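Q:
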Amino acid sequence: MKHRGRHRRRRRGAALRAVLAGTALALTATATLISTSQAEVAGNPGALQPLTSRADTGPLRLQERLVPARTLNRLAASMGRPVGVDAVLRTADHTLRSGAGCSAGDRATLPVAPAAGRAYCWDRTDAAATAWRPASVTTSGDADDDGVWGTHRVVLAGWTHSATAGRAAERGLARVAFVDTDDPARPVYRWVLLVVPVDGGRDYRGLASGVSGMVWYQNKLLVTTTAGSADALYVYDLDRIQRTTATTPAVGRVPGGWSADGYGYVMPAVGSYRYAAGRCSAAGPPCPGALSLDRGSAPDSLVAGEWTAPGSDRRARLWRYAFSTDPARGGLLATDSAGRADAVEAYRTKAAGIRGVLSYRRPGAAAPSWYVGHLSSSAGAHDGLWRQDRKGAQAAHCGFDASHHCWARSAGSLSYWQETGEVWSLSDRMLFAVPLAALDRSAD
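Each residue of the sequence shown is one higher than the one before, starting from 6 at the first, in the numbering used here.
This is how it looks when you write it as structure tokens:
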């Protein structure tokens with residue numbers, strides 16, 4: 006379990022930033038080779054429109070539903086003592102390749118501007134499994150502001166399996182890569198399958214959901230659910246990871262043990278947040294497509310962006326919930342006595358196809374800026390990343406046609422690592438980090 010002591014390891018963090026600065030020089034040359042001829046000039050999403058009326062904010066209300074302790078304890082009693090992040094990292098069996106060791110096709114998915122400070126492609130076996138797609142990222146920089154969990158610097162990357170391709174047993178499943186980045190030159194990782202306890206903890210099923218956003222805060226991992234669901238978020242406990250004992254294609258209890266489609270670890274859900282107004286829809290609650298953490302708010306907050314189709318003219322919503330400050334509710338949202346969580350801030354934006362969202366208060370700014378990444382409506386084109394506030398929107402320019410489609414291709418969520426000053430994200434083939442300062446310069 007993490008022993009939390011805030012505002013530590015600052016000298017070590019400064020040294021790490023100095024090491025990473027050298028890596029950025031090598032990747033800048035790679036990024037300039039990316040063609041932008043296919044990118045169209047993106048429409049400016051404009052200023053954020055505050056939502057303050059109850060009619061606008063009411064649909065954002067969540068109802069907390071925690072899994073009973075007896076259910077979790079029954080599952081642990083049958084599967085064995087739960088383990089934590091360290092146990093998973095000690096058994097890492099995959100290696101990320103550095104940017105220079107990745108193919109030209111891989112590197113072509115990186116941002117055009119600003120260039121990635123460091124970038125990695127996945128183990129070749131995982132990269133070849135095209136039915137699985139990465140979409141979300143969070144780090145130990147979210148979990149604790151010293152950037153370290155136990156003794157490790159960790160990146161978590163969420164992948165979702167296609168609901169129509171591959172074996173029927175694994176369609177729609179969600180898994181998380183636990184990446185040990187202690188050695189930036191050779192990160193290693195291990196997969197953990199996300200599951201949901203059923204039958205009072207006597208069994209579990211795979212989480213059949215698109216994990217387009219996730220945030221690791223304290224010892225909890227919050228992930229998005231599939232669009233159209235009444236559940237908005239599922240909650241996982243990083244101290245309740247379970248080892249499996251069988252390697253069959255099944256997910257759940259099997260004769261003689263516990264299986265997870267061949268994965269060595271599962272993480273059972275400990276709760277969920279459901280929209281009080283029902284299923285997400287255009288006229289009702291928003292379908293969350295992106296999540297991130299904002300440590301600049303008081304208290305810390307969960308930031309969310311609504312999923313709408315790329316090219317849609319429907320104005321998407323951006324909003325935030327406060328995290329609880331009750332030590333007994335570590336990593337959970339702030340709720341009233343009835344277990345309801347209300348949004349503490351909300352906006353509309355003209356951006357569509359939102360896959361990444363980040364809120365950050367720039368030095369000297371009166372209010373936070375919102376960094377909004379959205380998919381291109383053109384197949385194969387690079388995506389856009391805009392910095393928005395109540396006054397307007399700005400983004401990097403790239404290519405001879407002054408395109409704003411300068412971000413990664415099929416980009417996923419955003420996660421700011423305060424200790425190193427980096428923003429982590431993913432393309433459909435790469436895991437990468439960009440200095441936040443570079444993002445700001447590119448949009449000025």
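Here a beta-carbon is modelled for each residue, glycine too, at the ideal position from N, C-alpha and C.
Since the model is a prediction, treat every value here as computed from it, not as a measurement.
Less than 8 Å between the CB atoms is what I'm expecting for G267 and V216, so what's the real figure, rounded?
A: 19 Å between Cβ atoms; not a contact.
Q: Could you name each continuous beta strand (DSSP E) segment of 3 residues or more that falls completely within the stretch 127–151, going from the start of the chain to the end?
A: Within the stretch 127–151, the complete beta strand (DSSP E) runs of at least 3 residues are 137–144.
Q: I believe G211 touches T229 by the beta-carbon criterion, under 8 Å. Please report the beta-carbon distance rounded to the nearest angstrom.
A: With a Cβ gap of about 16 Å, G211 and T229 do not count as contacting.
Q: Are there 16 or more other CB atoms within 10 angstroms of the CB of N78, so buried, or fewer, so exposed?
A: exposed
Q: State the Cα-Cα distance for the pair A132 and R95, rounded to the nearest angstrom.
A: One C-alpha to the other measures close to 22 Å.
Q: Provide the residue(s) that pair with M272 in DSSP beta bridges, ordered along the chain.
A: According to DSSP, M272 shares a beta bridge with L199.
Q: Run through the DSSP bridge pairs and tell me what H166 is partnered with.
A: W137
Q: Going along the chain, which residues of its own chain have a beta-carbon closer than 6 Å to the beta-carbon of H99, five neighbours each way excluded?
A: D128, Y194
Q: Report the start-end ranges of each alpha helix (DSSP H) in the stretch 217–270 that is 4 residues or longer and not cut off at the edges.
A: none
Q: Give the list of continuous beta strand (DSSP E) stretches no shorter than 3 residues that lie fully inside the stretch 55–124.
A: 67–71
Q: Out of curiosity, what's the CA-to-CA distance linking V200 and L161?
A: 16 Å
Q: Can you tell me the Cβ-Cβ gap for R112 and P189, rounded? I've got them flagged as a contact below 8 Å.
A: No, R112 and P189 are not in contact; Cβ-Cβ is about 18 Å, not under 8 Å.
Q: Let me know if A29 comes out buried or exposed under the rule of 16 or more other beta-carbons within 10 Å of its beta-carbon.
A: Note that A29 scores a pLDDT of 43, beneath 50, so its modelled location is shaky; the value from the coordinates is reported in the next line. The residue in question, A29, is buried, as its Cβ has 16 or more Cβ neighbours within 10 Å.
Q: Look up R395 in the DSSP assignment and give the residues it is bridged to.
A: In the DSSP output, where bridge partners are listed per residue, R395 has none listed.
Q: Would G301 pass as a contact of V362 if the rule is Cβ separation under 8 Å?
A: no
Q: Apart from the five residues just before and just after P87, which ones in its own chain have a Cβ nearer than 7 Å to its Cβ?
A: Cβ neighbours of P87 within its own chain (closer than 7 Å, five residues either side excluded): A81, D244, R245, I246, Q247.
Q: S415 to A438, Cα distance in whole Å?
A: If you draw a straight line from the Cα of S415 to the Cα of A438, it comes to about 15 Å.
Q: Output the distance between the C-alpha atoms of V377 and L441, rounded to the nearest integer angstrom.
A: 13 Å
Q: Helix or strand or just coil, what does DSSP make of A333?
A: helix
Q: What span of residues does the alpha helix (DSSP H) with D445 cover, start to end?
A: 441–448
Q: Should D187 be labelled buried (16 or more other beta-carbon atoms within 10 Å of its own) or exposed?
A: Exposed.
Q: Run through DSSP, which three-state label would G205 get?
A: helix
Q: Let me check one thing: in DSSP terms, what residues is G378 bridge-paired to?
A: G361, L390
Q: Taking the alpha-carbon positions, what's the S167 to D433 distance?
A: 14 Å
Q: Going straight from the alpha carbon of K225 to that of G206, what length do you get?
A: Roughly 19 Å between the two C-alpha positions.
Q: Can you list, in chain order, the residues of its chain whose CB lies under 8 Å from that of R14, leaving out five sequence neighbours each side?
A: Confidence at R14 is low in this model, with a pLDDT of 43, below 50, so the placement of that residue should be treated as unreliable; the coordinate-derived value is given next. Around R14: D151, G152, V153, E424.
Q: Considering only DSSP beta bridges, list what L296 is partnered with.
A: A309
Q: Where does the unbroken beta strand (DSSP E) through D185 begin, and where does it stop?
A: 179–185
Q: Using a Cβ distance threshold of 8 Å, determine whether the stretch 256–266 contacts the stretch 47–63, with at least three qualifying pairs required.
A: no
Q: Measuring alpha carbon to alpha carbon, tell me which of E175, P293, T313, Q223 ends up nearest T253.
A: E175
Q: If we ignore side chains and look at the alpha-carbon of each, how far apart do W221 and R334 end up?
A: 14 Å
Q: Opposite L53 in the DSSP bridges: which residues?
A: Beta-bridge pairing links L53 to no other residue.
Q: Among A274, I359, P304, L227, which has the Cα closest to the Cα of P315?
A: I359
Q: Could you say which of M435, L419, T130, G106 lies nearest to R144 if we only look at CA atoms?
A: The amino acid occupying residue 144 in the given sequence is Thr; Arg does not appear at that position. The option with the nearest alpha carbon to T144 is L419.
Q: Mapping DSSP to helix, strand and coil, what is E350?
A: strand
Q: Below 8 Å on the Cβ atoms is my contact criterion, and I expect R356 with R325 to pass it. Report the Cβ-Cβ distance as a whole number of Å.
A: A small correction: the amino acid at residue 356 is Ala; Arg does not occupy that position in the sequence shown. That pair is no contact at about 16 Å.
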